[in-house]
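Trainee: In the order they appear, the protein sequences are chains A and B.
If you count the first sequence from 1, position 22 lands on 22 in the numbering used here, and the numbers rise without skipping.
If you count the second sequence from 1, position 152 lands on 152 in the numbering used here, and the numbers rise without skipping.
Below is a structure I'd like to ask you about.
There are 2 protein chains.
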Amino acid sequence: MSQSPKRSAGPAPALSAQDWVRAALRLIAREGVAAVAVEPLARELGVTKGSFYWHFANRDALIQAALAAWEADQGRDVVIRYEGIADSRKRLRVIMFAAFEDQENGRLFAALSASSEDPRVNPYLARASEQRLALGIRSLTALGLPEEEARRKALALYAAYAGYFQLQRAMPEAVARVTDLSAFVRDLVDALLPDDPAPEPSTPPA
Amino acid sequence: MSQSPKRSAGPAPALSAQDWVRAALRLIAREGVAAVAVEPLARELGVTKGSFYWHFANRDALIQAALAAWEADQGRDVVIRYEGIADSRKRLRVIMFAAFEDQENGRLFAALSASSEDPRVNPYLARASEQRLALGIRSLTALGLPEEEARRKALALYAAYAGYFQLQRAMPEAVARVTDLSAFVRDLVDALLPDDPAPEPSTPPA
DNA sequence: GGAGATCCATACGGCATCGTATGGTTGGGG
DNA sequence: CCCCAACCATACGATGCCGTATGGATCTCC
């Protein structure tokens, strides 16, 4: 993880703006948005802030770029990736399993949620969350639930997701004591999705 | 030490340490622990930091006092308050309903969770969470669930609680769109608690 | 009404960070 | 070979906060 401040044989590393964004996202995941400071980041990257202010106008520009990168990456996240699955029940199940599987994304989401009051963070977080929630509501209404109930259960599912990764930050040992994550998700999904009309096994997705 | 507050009509209110703690907790709920700074708080209270450093040794002492006050207040929270209910199923239901009802405490919990990485906050948060989770696990095992399953479902319930108030911070409008909070909690509890041990399953619960 | 305790204001030095200014180093095209 | 542009280091002033020092004001009690 730790690189020597001087590359052993290379001449000059020559950082790019993307390198700064990546470093910022790592820092956000670890210590939150507030910890994204120019000089500490520069020290971590083995340069000075002279480098930073060449690539970015100011600190806010870096934070915005990091958030934009996160949002763009969410375009490739589970919600979009599995939106094509026709069967609503299966789609919801797949999405939930995939969401809990992706620990790294979950951690980043929890870190951003910790800064959700930050006016820079909130719009990105709200967009992503509303999109995911809306997909849940659509799926549940498609399964025959009335609007109100679909809203409730989608929120329950999404709150369980958000809370899981939040609790993982606060008490990782206690959360890790739930060893069978698949069973955890299955409990959730089986409990909150309406009853299956008929147990129909294999229809693997593309 | 501190003396009893005097309600004289003089122009000097004479702040107490508790006033600072209360202000700190309000600030934590709004902007997180990191926002608890001496000079801004003093400005908000209409005094200077000369007052603060009379009551507290330093900034950390105030934060610790605020966290201790929160933890002490949790002693009067739902988990303790309803621990005496004998029937495990009823106890869990009551606790869940009461927890979601207490919006103010939920908001404060979410705010503290946002700072769960802070080494000062984490111990308090972890203690409270482990205590609540343990009560959930105890209740569910008492209802006949095996250890593993009880752990999963207790975590699911608690994650839904934590996530609900976290999401309320990030997207209050979307969460508020779930108008029937009682139905929301009922969905959760009915979904995750084991079936009533009635010999005939045709007896609907209240 | 004076001594001590309580509570607060003011002033100061110190630290970390932001953002700017400016100069140095390196590589590639004319 | 030289110069320009990309990239970075260094130095500087400004800001906001922390914690200390010290004195002033008010209250208590004898």
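Note that beta-carbon positions come from the ideal geometry of N, C-alpha and C, so glycine has one too.
Quick check on methionine 171(B) - is its C-beta less than 9 Å from some C-beta in chain A?
Mentor: Yes, methionine 171(B) lies at the interface with chain A (some Cβ there is under 9 Å from its Cβ).
Trainee: Can you find a heavy atom of the ligand GDP that lies under 8 Å from the Cβ of leucine 193(B)?
Mentor: Absent from the structure shown: the ligand GDP. Ligands present: none.
Trainee: Just checking: is the beta-carbon of glutamine 166(A) within a distance shorter than 9 Å of some beta-carbon in chain B?
Mentor: Taking Cβ atoms only, chain B reaches closer than 9 Å to glutamine 166(A), which makes this a yes.
Trainee: Identify the contact partners of asparagine 122(A) in chain B, using a Cβ-Cβ distance below 8 Å as the criterion.
Mentor: By Cβ distance, chain B contributes Ala170.
Trainee: If the cut is a Cβ gap below 8 Å, which residues of chain B does lysine 153(A) touch?
Mentor: Ordered by position in chain B, the residues that pass the 8 Å Cβ test against lysine 153(A) are Asp187.
Trainee: By the criterion of Cβ-Cβ separation under 8 Å, what are the contact partners of aspartate 19(A) in chain B?
Mentor: None at all; the shortest Cβ gap to chain B is about 24 Å.
Trainee: Count the other C-beta atoms from every protein chain shown that fall within 10 angstroms of the C-beta of glutamine 166(A), then say buried if there are 16 or more, exposed otherwise.
Mentor: Burial call: buried.
Trainee: Nearest chain A C-beta to serine 139(B) closer than 9 Å, yes or no?
Mentor: Chain A contact via Cβ: absent.
Trainee: Tell me whether valine 175(B) sits in a helix, a strand or coil according to DSSP, three-state version.
Mentor: Looking at valine 175(B) - three-state DSSP - the assignment turns out to be helix.
Trainee: Taking only the alpha-carbon atoms, compute the straight-line gap between tryptophan 20(B) and valine 175(B) and give it to the nearest angstrom.
Mentor: Their backbone Cα atoms lie some 32 Å apart in a straight line.
Trainee: Would you report the Cα separation of aspartate 118(A) and alanine 142(B), rounded to the nearest angstrom?
Mentor: The alpha-carbon atoms of aspartate 118(A) and alanine 142(B) are separated by roughly 43 Å.
Trainee: Whole-angstrom Cβ separation of valine 185(B) and phenylalanine 100(B), contact assumed at under 8 Å?
Mentor: Confirmed, Cβ separation roughly 5 Å.
Trainee: Less than 6 Å between C-beta atoms, sequence neighbours within five positions excluded: which residues of the same chain meet that for tryptophan 70(A)?
Mentor: The answer is none, since no qualifying residue turns up.
Trainee: Could you tell me the distance, in whole angstroms, from the CA atom of alanine 111(A) to the CA atom of alanine 57(A)?
Mentor: Taking the straight line from one Cα to the other gives about 25 Å.
Trainee: Quick check: what's the CA-CA separation for glutamate 130(B) versus leucine 145(B)?
Mentor: The straight-line gap from Cα to Cα measures roughly 19 Å.
Trainee: Whose Cβ in chain B lies nearer than 8 Å to the Cβ of glycine 106(A)?
Mentor: Those within 8 Å of glycine 106(A) in chain B number zero; the least Cβ separation is about 12 Å.
Trainee: Can you check which of these residues, Arg76(A), Ala114(A), Val47(A) and Leu135(A), is closest to alanine 86(A) by C-alpha distance?
Mentor: The shortest Cα separation from alanine 86(A) among Arg76(A), Ala114(A), Val47(A) and Leu135(A) belongs to Leu135(A).
Trainee: Count the other C-beta atoms from every protein chain shown that fall within 10 angstroms of the C-beta of lysine 90(B), then say buried if there are 16 or more, exposed otherwise.
Mentor: The residue in question, lysine 90(B), is exposed, as its Cβ has fewer than 16 Cβ neighbours within 10 Å.
Trainee: Would you say alanine 17(A) and isoleucine 28(A) are within 9 Å of each other, going by their C-beta atoms?
Mentor: Cβ atoms of alanine 17(A) and isoleucine 28(A): not closer than 9 Å.
Trainee: Below 9 Å between beta carbons: does that hold for valine 33(B) and valine 94(B)?
Mentor: No, the pair does not count as a contact, with Cβ atoms beyond the cut-off.
Trainee: Do you know offhand how far alanine 72(B)'s Cα is from arginine 22(B)'s?
Mentor: Each residue's Cα considered, the two are about 13 Å apart.
Trainee: Please tell me whether leucine 155(B) and valine 178(A) are closer than 9 Å, where the distance is taken between their beta carbons.
Mentor: Contact flag set, yes.
Trainee: Taking the straight line between their C-alpha atoms, what separation do you get for alanine 183(B) and phenylalanine 97(B)?
Mentor: Taking the straight line from one Cα to the other gives about 10 Å.
Trainee: What did DSSP end up calling aspartate 187(B) once you bin it into helix, strand or coil?
Mentor: In this structure, aspartate 187(B) counts as helix in the three-state DSSP scheme.
Trainee: On a CA-only basis, which of Leu140(A), Arg151(A) and Leu125(A) is nearest alanine 162(A)? Give me that one, please.
Mentor: Closest by alpha carbon: Leu125(A).
Trainee: Check the C-beta distance from alanine 170(B) over to serine 116(A) and give it rounded, since I have them as a contact under 8 Å.
Mentor: Correct: roughly 4 Å between the Cβ atoms.
Trainee: Using beta carbons (cut-off 9 Å, strictly below), is aspartate 267(A) in contact with chain B?
Mentor: As shown, chain A starts at 1 and ends at 206. That puts residue 267(A) outside it, with no answer to give.
Trainee: With a threshold of 16 other CB atoms inside 10 Å of the CB of alanine 24(A), please say whether the residue is buried or exposed.
Mentor: Counting Cβ neighbours within 10 Å, alanine 24(A) comes out buried, since at least 16 surround it.
Trainee: Quick check: serine 139(B) and leucine 188(B), are their CB atoms within less than 9 Å of each other?
Mentor: Against a cut-off of 9 Å, the Cβ pair of leucine 188(B) and serine 139(B) comes out as no contact.
Trainee: What number of angstroms, rounded off, separates the C-alpha of isoleucine 63(A) from the C-alpha of tryptophan 54(A)?
Mentor: If you take the alpha carbons of isoleucine 63(A) and tryptophan 54(A), they lie about 15 Å apart.
Trainee: Quick check: is the beta carbon of phenylalanine 184(B) nearer than 9 Å to any beta carbon in chain A?
Mentor: Closer than 9 Å: yes.
Trainee: Give a yes or no on whether 9 Å exceeds the smallest Cβ distance from alanine 66(B) to chain A.
Mentor: No, alanine 66(B) does not count as interfacial toward chain A.
Trainee: Quick one: Cα of aspartate 190(A) to Cα of lysine 153(B), how far?
Mentor: Using only the alpha carbons, I get a separation of about 12 Å.
Trainee: Does the Cβ of glutamine 103(B) have 16 or more other Cβ atoms within 10 Å, making it buried, or fewer, making it exposed?
Mentor: Exposed: under 16 other Cβ atoms inside 10 Å.
Trainee: In chain order, what residues of the same chain have a beta carbon less than 6 Å from the beta carbon of aspartate 195(B), not counting five sequence neighbours either side?
Mentor: Answer for aspartate 195(B): no residue qualifies.
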